[in-house]
Structure formats: C-alpha cells, structure tokens
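Number of protein chains: 2
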Amino acid sequence: MDTLTPAGEKLVAAASRLFYRHGIRAVGVDLIAETAGTTKKTLYDRFGSKDALVALYLERRAEYWRSFLLEHMRGRSVAGVFDVLALWLRDQDRGCAFVNAYAEIGGTDHPAERVIREEKAWMREYFVGLAREAGLPPELGVELHLLYEGATVLATAGGVPEAPAQARAAAERALSACGSAPTTGSAG
Amino acid sequence: MDTLTPAGEKLVAAASRLFYRHGIRAVGVDLIAETAGTTKKTLYDRFGSKDALVALYLERRAEYWRSFLLEHMRGRSVAGVFDVLALWLRDQDRGCAFVNAYAEIGGTDHPAERVIREEKAWMREYFVGLAREAGLPPELGVELHLLYEGATVLATAGGVPEAPAQARAAAERALSACGSAPTTGSAG
DNA sequence: ACGTAACCACACCGGTCGGTATACTCGCAG
DNA sequence: CTGCGAGTATACCGACCGGTGTGGTTACGT
C-alpha cells in the first residue's frame, strides 16, 4: 500500500489537493488525471476505483497530520496542542478533511468511512494519553478532544479564526482547575 | 420567502430530507422533483436554481433547530443544553447540516455560505447570552460553544454517541470552577 | 368571460459522471 | 529477443448533471 509507481504518486498528490479544496464529489476522475499529468487509464490500473483513491487520500492525510502534530508538539505543554492546531489551520483552511469527507459519504458503506473512524479514535487516544502523561484523569483528555474538534469547526465553517486560541484558554482553565502544573507552554 | 405554494413546500420538504441524508451534490434535481411528486419545471419556476433551493433548505433548518432548542431549554440549566443536543441528535444522525454543507460548498461564492455563517454566529451569541444570564463571563459562553460543536462532530463523524454527555460533564466542571450555582438541571 | 398563476407531462440541451476498451511506446529482466 | 509492467493517447459507454422549452389543464379573482 505504501510503494506506488511514479504516476500513481502523482495521482494521489493531485487527488489529495483537489479533494481537500473542492470536496470529493465535486472532483471528477478526468480532472484528477489531467491535473496529475497522466491518464484515467493509469488511475484505474493503479487504484481500481475512485472510492479506493478517496480512501487512500484520507489515509495519507492522516499520516501527514499525525507526523505534523507529533513533531510540533515536542517541547510543548499540553495546552500547546491548540497552538499546533492553529499552525496547521494556517495552511489547511478548509478544516478537517475527515469531517468533510464524512459529510459527503457518511452513512454509506464507502471504504473511506473506516479511515475516518480510525482517525477520530486515534485522536481520542492521543488526547487521553496526553492527559495521562500530565497526571490528569482521562476525562480531561476527552475534554481536550471536544475542544479540539470544536475549534477546528469554528475556525473554518464558523469563520472564527481565533477559535484555537479560545480553545487553548478554555483548556488552561480546565487544567489549572485540576490543580496541576501551571502549563507554561510557548505560544506560536 | 415564507409563503410558498403547495408544490413549492413539497419541494423544500423533499429536498431537505434528501440533502441532509445524502449530501447536496449527491442529490440531483430530478430526484428532488420526483420525490416531491412534482416536476423539475415547477422546481425551477419556484426557486430559479438548485443553489437557491439549497440556501432555502439551510434557512428552514436553522429556524427548525432554533425553535427546537429554545423550546426544549425551558426549565433547563445551562449545562442542560447538551441534553437538548443529545435529544436532537437522536433523530438527526447525520450531524450538523451546516458543517456538512460547508464541507461541500465552502470557499465558493455559494448563496448558502452566508446562511452557514449566520447560523454559527447565532449559536455563539446564544451561548454567550446563556452565560451572561447565569452571571458568567463571555469566555464561558465561548467554551460552551466549542464543546457543543465538538460534541456534535464526535457524536456523528467520530462515532462516539456519548459525546454530548461528555461535553455536559466538561461544562459542569467549568461552571463549578467559576464558583457559580451548582447547575441542578434535569437530565433527559 | 377573461386573464393569470400554479401545476403537470414530457422532450430536449450540452456537458460531465465513473468506468472500460483498444492500441501503442518504453525500459528492463529472463 | 522476448515478455511484461508501466505508461500514454484516445475513443467510447450508459447514465446522470443542472437547466430550458412547449403545451395543456385546472382553479380563482375580476
């Protein structure tokens, strides 16, 4: 699943850009092939269907986001996760690709639905782990997750760019109420 | 905008059901007309375009949700708003129609984008007002809004049906940390 | 009696949808 | 030198897309 041919890589790259910016249904296979500088034939030789390409797009995106998150979290406090989110959203102005994909394919038996669920489950575990390492109860991790998803939605669909900062403020209140460390993370 | 002909009403009703369940782009005008038991001609005579019908769908849905929220909030505490959300999501299992619509049309100049922004702004003001009436600072209202959006996303795309209850628990912690009333709302 | 708004049935338009087929070129390994 | 995987180019398929046009039928207000 990881070793693709050159033309295959160009196709996922083009599809990823187009799917994220315009939505899944709004982007046809013809446009994907043309943007990638290859042909529809190659697309179907490599991936078999548009649905499979959509699933791969989301898998790749999940990997990308997780590596971005993990790398930028080094040396940051728990509440600093919202600064990483703000950093991420500076370039990714169309919000959460998984929430967007679910809006289009949710409720069907699309192969990408599994990827969406896995991503959200991964994030939940990440936040719970973050809380555990800080000596906080799991409920605090769940709360962080809620704030994170809310901030992502409101920063994009809600048109409130300061939402991640507001989420950070809320998280710090919750953290300090738990009687833990003063969370002196570097912001920005 | 409010007084529609009988066939027009049937069309918005059919379109609303179909758009919410399957997404906007996934539903064609032919299907809408057929489901409504009318014709495409009537659809275009009443609304002019599919885009206008989409905008009207979201406006109607906003009205419906607000009346549902306001009615079910009577006699409830601040944190009870998450019980209302859980009640709402019991029937509306495809999540927030506005977030879903934004996923499909965000970034374009679609007439529905304004409706989406207005809905999110209305909710923000509602939560801030809720906090004010309880003698709490506006930041608490913003926090409630973040938890509300996060709970909606996680209950649907995230596959975590208990998300509204978890959001309520987080809200109660924040409320009690503010040294206010003990928030003895009836749940359910 | 007349005009008109609302509606239905149906045919039509150019374009695009996801997906397939045919035929050809290239590089490389046996 | 042969076979094969990867790639290109292009034509094609039925179905559907959003949107329009024509013509005819009610019901109602004047």
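If you're matching them up, the sequences are chains A and B in order.
Per my numbering, residue 51 is the first one in the first sequence, and the count goes up by one each step.
Per my numbering, residue 51 is the first one in the second sequence, and the count goes up by one each step.
C-beta atoms are modelled at their ideal positions from N, C-alpha and C, and glycine is treated no differently.
Keep in mind the model is a prediction, meaning the values are calculated, not measured.
Query	Result
Which residues, taken in chain order from the stretch 141-169 of chain A, show a beta carbon closer than 7 Å to some beta carbon of chain B?	R144, F148, V149, N150, Y152, A153, E154, G156, G157, I166 and R167
Below 9 Å between beta carbons is the criterion; list the residues of the stretch 173-204 of chain A that meet it against any residue of chain B, in chain order.	M173, R174, E189, L190, V192, E193, H195, L196, L197, Y198, E199, G200, A201, T202, V203 and L204
State the Cα-Cα distance for the pair T234 (chain B) and E222 (chain B), rounded to the nearest angstrom.	With a pLDDT of 43 at T234 (chain B), under the threshold of 50, the modelled position of this residue cannot be trusted; read the value that follows with caution. Rounded to whole angstroms, T234 (chain B) to E222 (chain B) spans 10 Å at the Cα level.
Could you check where the alpha helix (DSSP H) with D159 (chain A) kicks off and where it finishes?	Neither: D159 (chain A) is in no alpha helix (DSSP H) and is coded neither H nor E.
Counting only the same chain and skipping the five closest in sequence on each side, list residues whose C-beta sits under 8 Å from that of I155 (chain B).	I74, V104, A162 and E163
Tell me, please, whether the CB atom of T53 (chain B) is closer than 9 Å to any CB atom in chain A?	no
Along the stretch 71-100 of chain B, where does the CB come closer than 9 Å to a CB of chain A? Name the residues.	R71, H72, G73, I74, R75 and A76
By DSSP, does T179 (chain A) sit in helix, in strand, or in coil?	Reading off the sequence, residue 179 (chain A) comes out as Gly, not Thr. Residue state, collapsed to three classes: helix.
Answer yes if the stretch 55-68 of chain B comes into contact with the stretch 182-189 of chain A, meaning at least three C-beta pairs across the two stretches below 8 Å, and no otherwise.	no
Let me know the secondary structure DSSP gives Q216 (chain A) once reduced to three states.	helix
In whole angstroms, give me the CA-to-CA distance for A205 (chain B) and Y114 (chain B).	20 Å
Quick one: any contact between the stretch 136-155 of chain B and the stretch 136-154 of chain A, if contact means 3 or more CB pairs under 8 Å?	yes
At the 9 Å Cβ level, is G209 (chain A) part of the contact set with chain B, yes or no?	yes
How should A237 (chain B) be labelled, buried or exposed, when 16 other C-beta atoms within 10 angstroms of its C-beta is the threshold for buried?	In this predicted model, A237 (chain B) has a pLDDT of only 43, less than 50, meaning its place in the structure is not dependable enough to derive any value.
Beta-carbon separation of F118 (chain A) and V134 (chain A) under 9 Å?	yes
On the premise that A65 (chain B) lies in contact with I82 (chain B), defined as a C-beta separation below 8 Å, what is that separation, rounded to the nearest angstrom?	5 Å
So what does DSSP say about T234 (chain A), is it helix, strand or coil?	Any answer about T234 (chain A) is weak, because its pLDDT of 43 lies below 50 and its placement is not dependable; what the coordinates show is given next. Note: T234 (chain A) maps to coil in three-state DSSP.
DSSP three-state call for M51 (chain B): helix, strand or coil?	Below a pLDDT of 50, predicted positions are generally treated as unreliable, and M51 (chain B), at 46, falls in that range; the measurement from the model is reported next regardless. Three-state DSSP puts M51 (chain B) in coil, outside helix and strand.
Would you say the stretch 187-203 of chain A touches the stretch 192-210 of chain B, given that touching needs at least three Cβ pairs under 8 Å?	yes
How is the alpha helix (DSSP H) around S127 (chain A) delimited, first residue to last?	Taken as a continuous stretch (DSSP letters only), S127 (chain A) belongs to no alpha helix (DSSP H), as it is neither H nor E.
Closest to L120 (chain A) by C-alpha separation, out of A:Y107, A:D143, A:L106 and A:W138, would be which residue?	A:W138
Do F148 (chain B) and V165 (chain B) have their CB atoms nearer than 9 Å?	yes
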